[in-house]
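Numbering (the UniProt record's numbering), first residue to last: 1 to 406.
Every residue, glycine too, gets a C-beta built ideally from N, C-alpha and C.
Down below is the structure, laid out as structure tokens.
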């Protein structure tokens with residue numbers, strides 16, 4: 001029996017490896033589509049970059065409207081995915097087609113959102129699918145203990161989950177482990193296999209962009225401590241504004257019951273925003289490093305206007321059906337605010353900008369761990385202790401004084 005348990009463990013580990021690779025493939029497909037739609041097609045058609053958003057975004061808005069009409073509000077946000085898991089205990093993997101199709105088309109159309117929302121929905125569904133495969137393997141092995149192990153393996157692989165749905169839902173997955181310690185060990189090892197699949201995929205298809213650990217030459221100035229309160233104030237103000245714009249957009253635009261018209265208006269909105277700056281397109285994750293280097297020399301008025309426009313484009317576009325992740329657009333816009341504050345105060349501009357982003361993102365997400373992980377992959381590692389401290393303090397303040405929450 002221990003040998004068969006080991007085989008099941010290895011079977012699930014292989015599935016986790018596969019799931020990690022599929023997640024990486026999805027992110028890579030997003031990059032391929034962006035290259036195809038925003039570089040290859042304009043070159044082939046001979047349409048200038050200034051006109052292309054109008055030519056491309058408007059018809060894509062109609063397509064997005066049709067998707068919203070027939071599929072529903074997909075992809076779901078990270079918060080919606082987590083809430084579904086908390087309420088139901090699982091996330092149904094059978095909605096993967098809606099998530100993939102909607103996510104890819106919206107991202108390819110240039111929406112001011114990131115791929116993290118659709119990727120989370122896909123990953124949550126695949127995790128539930130793996131859990132079902134694990135319970136099915138345990139169930140089939142227990143029903144036929146006399147069968148040879150290779151016949152049991154073939155039977156497990158060939159069986160469909162839907163044929164055993166009632167039995168699989170009869171007991172929670174925790175009942176299939178001998179102890180809570182065994183469950184935690186298995187979860188930990190399988191998670192590592194999933195990460196290995198993701199990193200292995202990116203080994204063959206390296207991602208060019210912002211993600212990674214960075215060290216930067218810094219000139220520490222003790223006066224930087226004096227500007228921390230300013231970074232906290234302006235970071236909180238921007239985070240409050242970002243959330244409020246999102247809530248108001250959802251409240252006002254939710255009354256419109258014509259998804260196709262909403263999708264078209266989202267395309268018009270996005271194309272109009274490109275008249276000011278092309279940075280309103282996409283999530284901004286691949287432009288953050290370049291923007292961070294140039295922001296301290298940009299006009300102060302431009303930084304403030306850009307932060308407002310990016311906030312407006314992301315949240316209003318989201319409410320109009322151009323849905324996706326808002327983490328990277330929020331980082332991009334708050335970095336603009338941080339650069340503006342850094343220009344005014346002068347001391348430790350990199351620290352001021354980082355602290356402003358950390359505060360704003362904590363107010364927007366209300367999950368300091370997510371903020372710390374995201375910013376550790378973007379900003380210099382020397383600033384991460386400050387990010388950890390300020391994120392935890394701001395989160396504590398938001399929980400203690402509800403009046404500070406948007």
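Item	Value
Can you tell me the Cα-Cα spacing of residue 191 and residue 121, whole angstroms?	17 Å
Looking at residue 75: is its Cβ nearer than 7 Å to the Cβ of residue 117?	yes
Hey, residue 157 and residue 132: beta-carbon distance below 7 Å or not?	no
Mapping the DSSP letters down to three states, classify residue 338 as helix, strand or coil.	helix
Report the CB separation of residue 235 from residue 334 in whole angstroms; it is logged as a contact under 8 Å.	7 Å
So the candidates are 313, 205 and 183; which of them puts its Cα closest to the Cα of residue 281?	313
Give a yes or no on whether the C-beta atoms belonging to residue 119 and residue 81 are separated by under 7 Å.	no
To the nearest angstrom, report how far apart residue 97 and residue 89 are at their CA atoms.	21 Å
Fully enclosed by the region 83-115, which beta strand (DSSP E) runs are 3 residues long or longer?	none
Only counting the same chain, and skipping five residues up and downstream in sequence, which positions put a Cβ closer than 7 Å to that of residue 212?	Unreliable positioning characterises residue 212 in this predicted model, as indicated by a pLDDT of 43, which lies under 50. The coordinate reading is nonetheless provided below. Once the five neighbours on either side are set aside, the close Cβ partners of residue 212 are 377.
Assuming residue 338 and residue 231 are in contact, meaning their beta carbons sit under 8 Å apart, how far apart are those beta carbons, in whole angstroms?	7 Å
Rounded to the nearest angstrom, how far is the Cβ of residue 63 from that of residue 105, given a contact under 8 Å?	6 Å
Evaluate the contact criterion for the region 291-310 versus the region 249-257: three or more CB pairs, one atom per stretch, below 8 Å.	no
When burial is assigned at 16 or more other CB atoms within 10 Å of the CB, is residue 46 buried or exposed?	exposed
With 7 Å as the threshold, decide whether the Cβ of residue 118 is near any Cβ in chain D.	Included in the structure is just one protein chain, with no chain D present.
Determine whether the beta carbon atoms of residue 28 and residue 291 lie at a separation below 7 Å.	no
Express the C-alpha separation of residue 396 and residue 384 in angstroms, rounding to a whole number.	18 Å
Tell me the DSSP secondary structure of residue 380 in three-state form.	strand
Return the first residue and the last residue of the alpha helix (DSSP H) that residue 203 is part of.	180-204
Between residue 321 and residue 366, how many whole angstroms is the CB-CB distance? I'm expecting something under 8 Å.	Incorrect: roughly 25 Å between the Cβ atoms, too far for contact.
Can you have a look at residue 68 and say buried or exposed, based on whether 16 or more other CB atoms are within 10 angstroms of its CB?	buried
Apart from the five residues on each side of it in sequence, which residues of its chain come closer than 8 Å, Cβ to Cβ, to residue 268?	57, 58 and 61
By how many angstroms is the C-alpha of residue 326 removed from the C-alpha of residue 415?	Past the edges of the chain, shown from 1 to 406, lies residue 415, and the structure says nothing about it.
Return the residue from the list 35, 91, 196 and 40 that minimises the CA-CA distance to residue 77.	91
If you measure between the beta carbons of residue 243 and residue 373, is that distance less than 7 Å?	no
Tell me which residues share the same chain as residue 241 and place their Cβ nearer than 7 Å to its Cβ, disregarding the 5 neighbours each side in the sequence.	311
Using 8 Å for Cβ pairs, my map puts residue 394 next to residue 345. What's the rounded Cβ distance?	Going by Cβ atoms, the distance from residue 394 to residue 345 rounds to 19 Å, so no, they are not a contact pair.
Taking residue 312 as part of the alpha helix (DSSP H), name the residues at either end of that continuous run.	300-319
Measuring alpha carbon to alpha carbon, tell me which of 308, 288 and 266 ends up nearest residue 276.	308
Using DSSP's beta-bridge definition, name the partner residues of residue 325.	114
For the candidate residues 187, 196 and 175, whose alpha-carbon lies nearest to that of residue 19?	196
Among the candidates 329, 405, 247 and 357, whose CA atom is the shortest distance from the CA of residue 340?	357
Within 10 angstroms of its Cβ, does residue 44 collect 16 or more other Cβ (buried), or is it exposed?	exposed
Between the C-alpha atoms of residue 142 and residue 23, what's the straight-line distance to the nearest angstrom?	32 Å
Checking 7 Å against the spacing of the C-beta atoms, do residue 114 and residue 287 come in under that value?	no
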